[in-house]
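Letter 56 of the sequence shown, counting from 1, is numbered 56 in UniProt numbering, and no numbers are missing.
Glycine included, every Cβ here is placed at the ideal spot set by N, Cα and C.
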Amino acid sequence: SKDAGIRTLVMLDEQGEQLERIEEGMDQINKDMKEAEKNLTDLGKFCGLCVCPCNKLKSSDAYKKAWGNNQDGVVASQPARVVDEREQMAISGGFIRRVTNDARENEMDENLEQVSGIIGNLRHMALDMGNEIDTQNRQIDRIMEKVRADASKS
Numbered sequence: 001s002k003d004a005g006i007r008t009l010v011m012l013d014e015q016g017e018q019l020e021r022i023e024e025g026m027d028q029i030n031k032d033m034k035e036a037e038k039n040l041t042d043l044g045k046f047c048g049l050c051v052c053p054c055n056k057l058k059s060s061d062a063y064k065k066a067w068g069n070n071q072d073g074v075v076a077s078q079p080a081r082v083v084d085e086r087e088q089m090a091i092s093g094g095f096i097r098r099v100t101n102d103a104r105e106n107e108m109d110e111n112l113e114q115v116s117g118i119i120g121n122l123r124h125m126a127l128d129m130g131n132e133i134d135t136q137n138r139q140i141d142r143i144m145e146k147v148r149a150d151a152s153k154s
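Below, the structure written as structure tokens:
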């Protein structure tokens, strides 16, 4: 299950990079479209000097919402790691109550500590996957909003 988790994280990372390239491509297309609109506006001027008010292109609310304030998606801070009480107990050790304080109890405690470490790693991988999926879902929503805004504009 550790290998499957690692492969999943790698695939999620690759998918995230693809989404980044898609969004960057859409941003470039939008920039090119704005430049083309500006050039068309310049062509629509009387003798290149005056703007005819009937030819003015208007941006829809959906377009402004999707392409609005040129956000680059940079996050101001990363989410903090949450440590629950079970994890805190595992960090401090002592999985079993000592009765005889012999080698068998030591071995059981060591084995439980190793199992706890493995489960903790899997849990962290699952949390990382969930966070990455949430981030990618938000990015897909942004991309879809931009697509809808561009479609309504044409």
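So, for GLU23: in the same chain, excluding its five sequence neighbours on each side, which residues have a beta-carbon less than 6 Å away from its beta-carbon? Looking up residue 23 in the sequence shown gives position 23. Contacts found: ILE143.
Quick check: the Cα distance between LYS2 and ILE29, rounded to an integer number of angstroms? Your numbering for residue 2 matches position 2 in the sequence shown. Your numbering for residue 29 matches position 29 in the sequence shown. Taking the straight line joining both Cα atoms gives about 41 Å.
At a threshold of 6 Å, does LYS2 count as lining the ligand PLP (C-beta to nearest heavy atom)? In the structure shown, the ligand PLP is absent, as is every other ligand, since no ligand is present at all.
Start and end residues, alpha helix (DSSP H) containing ALA115: For this step, residue 115 is matched to residue 115 along the sequence shown. Correcting the residue identity first, residue 115 is Val in this sequence and not Ala. Note, VAL115: alpha helix (DSSP H), 103-153.
Output yes or no for whether 7 Å exceeds the beta carbon distance between ILE96 and MET108. The count along the sequence shown starts at 1 and reaches residue 96 at position 96. The count along the sequence shown starts at 1 and reaches residue 108 at position 108. Yes, the pair counts as a contact, with Cβ atoms nearer than the cut-off.
Can you give me the C-alpha to C-alpha distance between LEU19 and MET129, rounded to a whole angstrom? Here residue 19 refers to the residue found at position 19 when the sequence shown is read from its first residue. Here residue 129 refers to the residue found at position 129 when the sequence shown is read from its first residue. Between LEU19 and MET129, the C-alpha separation is close to 16 Å.
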